[in-house]
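Using this note's numbering, the first residue of the sequence shown is number 1, and each one after it goes up by one.
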Amino acid sequence: MAANADFRDTIATVDEQGKRRWIFPKKPKGDYYRYRTWVSYGLLLILFGLPFIKVNGEPLILLNVLERHFILFGLAFTPQDFHLFAILMITGVVFIALFTVVFGRLFCGWVCPQTIFMEMVFRKVEYWIEGDANAQRKLAKAPWTSDKIRKKALKHAIFLVISALIAHVFLAYIIGMDAVLETVSQSPLAAPGGFAAIIIFIGVFYFVFSYMREQVCIAICPYGRLQGVLLDDNSINVIYDYERGEPRGKIRKGKPKRTSCSDCENCRDGKDGCADQILNRINHAITTGAESMPLASAPLAVVKEKKVGDCIDCTLCVQVCPTGIDIRNGIQMECVNCTACIDACDEVMIKVGRDPGLIRYDSERGVAAGKRKIWTPRVLAYSAVLLLLIGLNVFLLSGRTQLDALLLRAPGQLSQTNADGSVGNLYTYQLINKSRKELPVRFEVERPAGGKIRYVGENPTARPGEVSEGALFIDLPPDVSRRSDNEVYIKVYSEDRLLDELTTSFLYPESN
Numbered sequence: 001m002a003a004n005a006d007f008r009d010t011i012a013t014v015d016e017q018g019k020r021r022w023i024f025p026k027k028p029k030g031d032y033y034r035y036r037t038w039v040s041y042g043l044l045l046i047l048f049g050l051p052f053i054k055v056n057g058e059p060l061i062l063l064n065v066l067e068r069h070f071i072l073f074g075l076a077f078t079p080q081d082f083h084l085f086a087i088l089m090i091t092g093v094v095f096i097a098l099f100t101v102v103f104g105r106l107f108c109g110w111v112c113p114q115t116i117f118m119e120m121v122f123r124k125v126e127y128w129i130e131g132d133a134n135a136q137r138k139l140a141k142a143p144w145t146s147d148k149i150r151k152k153a154l155k156h157a158i159f160l161v162i163s164a165l166i167a168h169v170f171l172a173y174i175i176g177m178d179a180v181l182e183t184v185s186q187s188p189l190a191a192p193g194g195f196a197a198i199i200i201f202i203g204v205f206y207f208v209f210s211y212m213r214e215q216v217c218i219a220i221c222p223y224g225r226l227q228g229v230l231l232d233d234n235s236i237n238v239i240y241d242y243e244r245g246e247p248r249g250k251i252r253k254g255k256p257k258r259t260s261c262s263d264c265e266n267c268r269d270g271k272d273g274c275a276d277q278i279l280n281r282i283n284h285a286i287t288t289g290a291e292s293m294p295l296a297s298a299p300l301a302v303v304k305e306k307k308v309g310d311c312i313d314c315t316l317c318v319q320v321c322p323t324g325i326d327i328r329n330g331i332q333m334e335c336v337n338c339t340a341c342i343d344a345c346d347e348v349m350i351k352v353g354r355d356p357g358l359i360r361y362d363s364e365r366g367v368a369a370g371k372r373k374i375w376t377p378r379v380l381a382y383s384a385v386l387l388l389l390i391g392l393n394v395f396l397l398s399g400r401t402q403l404d405a406l407l408l409r410a411p412g413q414l415s416q417t418n419a420d421g422s423v424g425n426l427y428t429y430q431l432i433n434k435s436r437k438e439l440p441v442r443f444e445v446e447r448p449a450g451g452k453i454r455y456v457g458e459n460p461t462a463r464p465g466e467v468s469e470g471a472l473f474i475d476l477p478p479d480v481s482r483r484s485d486n487e488v489y490i491k492v493y494s495e496d497r498l499l500d501e502l503t504t505s506f507l508y509p510e511s512n
């Protein structure tokens, strides 16, 4: 590990005066970056394509918080399904906890929209216009010449266009792509609400990707803060192999450079005098097991023969990091597991004749002990809870119907005897349509036999995503008026499909 222990007290994006320090990461390249690029393009295609996909005339995904309409993969939800959302949310939290315990912050580097848009879209535009890290740094310090104005104006103009595209797609997940296209095809005065929402979203996305950038991951995102709670020594992370890499030192290609020694013997008997460069590289590197051995107590022969580690201290892993950290300091909250340091280090290791993997996906236990343990009691416990929650979700969703019906006897209304001798009771009903289409509804008396339904007004129709109300009479033949029980069993149909089954009470005339 690095000798500097102050890295946990500061962050790379803030200087000693507390001011913002801009990060200019070197353009990454390598296998992992290529894999991430293809994964990102696939995810972007899905993100921009989903709003255009419809199932039975409805969006595949719709999260309309304003009108309380929700559709997930063709399945419509209403506020009455709040319990399902609550259980789904709890399931998601447990899944995130389990995933993080096992794989660390893998999601942030490969799937998170913030990382994908920042590193695979906006950052690429920046490299294309302003050049690599050194050119960007030089341009930032340069006076405002016509060339600088041209580059900055072009970059931010493209940033605004991309932000507008993201804003329209984001809004499509809320109100639907049809509504978005209708809004943009009209005058702003004709749809002021939709136009204002688009402007706000454009401003937010432009601000995030042109100014906030890595600060979202470091200071705002709550998932990053969970790392200190969820990670343990068995969690997989992008990690530096300090056992192999320390002590650091410059080496020639294919041949390690040994630490020099002048045979002055000043290291014996606790004397001072060893050259600073040797002390800095060796003092913490002579090991006995896992314990550090001070240089003064190390045998002279061991000091002479001690090799430097594989890390040649080129700092390329720091230069390519989008959050500006030094991965050699250990696992840090700012690390988003983007793998840029892995690619940079592997390239250097190959050039100097060393094995790649000095920085790699591994766990603290894997580095320290050379072995991993995935199925810990903690992982098993989280997995068991997750399986139970998934089973509960499957059970609840499989038993969910498109329509919920409620039937209650009208308060203050007595039974009445009809001209044909049948006995009637007045009821009010509520129909909660969870689908996105209108449903014609029919009530039928299942028991007692001979019961009939008379609607007050028109036949009931359940409007999509709404609560429909009405009234009806239940008429029972006179021969059932002497029954010992007063329960009536009702079935609710839409065309020939059974949607719900109800039980209600029936009031008989007192004379009977």
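Even glycine gets a Cβ: it sits at the ideal position worked out from N, Cα and C. Note that this is a predicted model, so its numbers are computed, not measured.
Buried or exposed for Ile236, please, with buried defined as at least 16 other CB atoms from any protein chain shown within 10 angstroms of its CB.
Buried, since its Cβ has 16 or more Cβ neighbours within 10 Å.
Buried or exposed (CB count within 10 angstroms, at least 16 for buried), Pro460:
Buried, because 16 or more other Cβ atoms sit within 10 Å of the Cβ of Pro460.
With a threshold of 7 Å on Cβ separation, who are the neighbours of Leu139 within its own chain once the five nearest residues in sequence on each side are excluded?
Excluding residues within five positions, the ones whose Cβ falls inside 7 Å are Glu130, Lys148, Lys151.
Is Ala179 helix, strand or coil when you go by DSSP?
Here Ala179 sits in helix by DSSP.
Quick one: is Thr516 buried, meaning 16 or more other Cβ sit within 10 Å of its Cβ, or exposed?
The requested residue 516 is not part of the displayed model; the chain covers only 1 to 512.
Taking the beta strand (DSSP E) that Phe473 falls in, what are its first and last residues?
Element bounds for Phe473: 467-476.
Provide the residue span of the beta strand (DSSP E) that contains Asp404, from first to last.
Element bounds for Asp404: 403-409.
Is Asn425 closer than 8 Å to Ile474 when the C-beta atoms are compared?
Going by C-beta atoms, Ile474 is nearer than 8 Å to Asn425.
Is the beta carbon of Leu472 less than 8 Å from the beta carbon of Arg454?
Pairing Leu472 with Arg454 gives a Cβ-Cβ distance under 8 Å.
Please report the straight-line C-alpha distance between Val352 and Tyr211, rounded to a whole angstrom.
Approximately 38 Å between the Cα atoms of the pair.
For Val488 and Val102, believed in contact at Cβ under 8 Å, the rounded distance
No, Val102 and Val488 are not in contact; Cβ-Cβ is about 55 Å, not under 8 Å.
Name the residue from Arg21, Gly104, Phe85 whose alpha carbon lies nearest to the alpha carbon of Leu389.
Nearest option by C-alpha distance: Phe85.
Nearest to Leu499 (by Cα), restricted to the options Leu403, Ile166, Leu106
For Leu499, the nearest C-alpha among the options comes from Leu403.
Under the three-state DSSP convention, the category Pro464 falls into
In this structure, DSSP gives Pro464 a state outside helix and strand, which the three-state scheme calls coil.
Assigned secondary structure, Asp362 (DSSP; H/G/I helix, E/B strand, else coil):
If DSSP states are grouped into helix, strand and coil, Asp362 belongs with the strands.
Backbone CA spacing between Asn134 and Lys26 [nearest angstrom]
Rounded to whole angstroms, the separation of the alpha carbons of Lys26 and Asn134 is 8 Å.
Inspect the beta-carbon positions of Arg244 and Leu358 and report whether they are closer than 8 Å.
Yes, these two residues count as a Cβ contact at 8 Å.
Would you call Val303 buried or exposed, if buried means 16 or more other Cβ atoms sit within 10 Å of its Cβ?
Since pLDDT at Val303 reaches only 37, below the 50 mark, its modelled position is unreliable, and no value is offered.
Through-space distance from Pro322 to Ile239, alpha-carbon basis:
So the two alpha carbons sit approximately 16 Å from each other.
Euclidean distance between Cα positions of Pro299 and Ile350
Bear in mind that a pLDDT of 38 at Pro299, under 50, signals an unreliable position, so the number given afterwards is only what the model happens to contain. Pro299 and Ile350: Cα-Cα distance of roughly 33 Å.
Please report how far the alpha carbon of Ile312 lies from the alpha carbon of Ile200, in whole angstroms.
A direct Cα-Cα distance of roughly 48 Å separates Ile312 from Ile200.
Using 10 angstroms around the beta-carbon of His168, count the other beta-carbons present and answer buried if the total reaches 16, otherwise exposed.
Burial check for His168: the Cβ neighbour count within 10 Å reaches 16 or more, so the residue is buried.
For Ser163 and Ala153, what's the separation of their Cα atoms in angstroms?
Just so you know, the alpha carbons of Ser163 and Ala153 end up roughly 15 Å apart.
Hey, quick one: how far does the alpha helix (DSSP H) through Asp31 stretch, first residue to last?
Taken as a continuous stretch (DSSP letters only), the alpha helix (DSSP H) holding Asp31 covers 31-49.
Contact between the segment 356-376 and the segment 43-51: three or more CB pairs below 8 Å?
Taking a cut-off of 8 Å on C-beta distances, the segment 356-376 does not touch the segment 43-51, as fewer than three cross pairs fall below it.
Give me the residue from Asn329, Gly203, Val308, Arg68 with the minimum Cα distance to Arg354.
Taking only the C-alpha atoms, the option nearest Arg354 is Val308.
Starting from Ser383, trace the alpha helix (DSSP H) both ways and give me its first and last residue.
Per DSSP, Ser383 belongs to the alpha helix (DSSP H) from 377-398.
Compare the C-alpha of Asp81 against each of His69, Arg328, Thr91, Gly92 and name the closest.
Of the listed residues, the one whose Cα sits closest to Asp81 is His69.
I need the DSSP call for Asp9, collapsed to helix, strand or coil.
Helix at Asp9.
Is it buried or exposed, Val93, if we count other Cβ atoms within 10 angstroms and call 16 or more buried?
So Val93 ends up on the exposed side.
Tell me Val161's beta-bridge partners as DSSP assigns them.
Beta-bridge annotation (DSSP): Val161 is not paired with any residue.
Using only the alpha-carbon positions, how far apart do Asp479 and Gln416 sit?
Roughly 15 Å between the two C-alpha positions.
Let me know the secondary structure DSSP gives Gln413 once reduced to three states.
Three-state DSSP puts Gln413 in coil, outside helix and strand.
Nearest-angstrom Cα separation, counted from Gln114 out to Glu67:
Rounded to whole angstroms, the separation of the alpha carbons of Gln114 and Glu67 is 27 Å.
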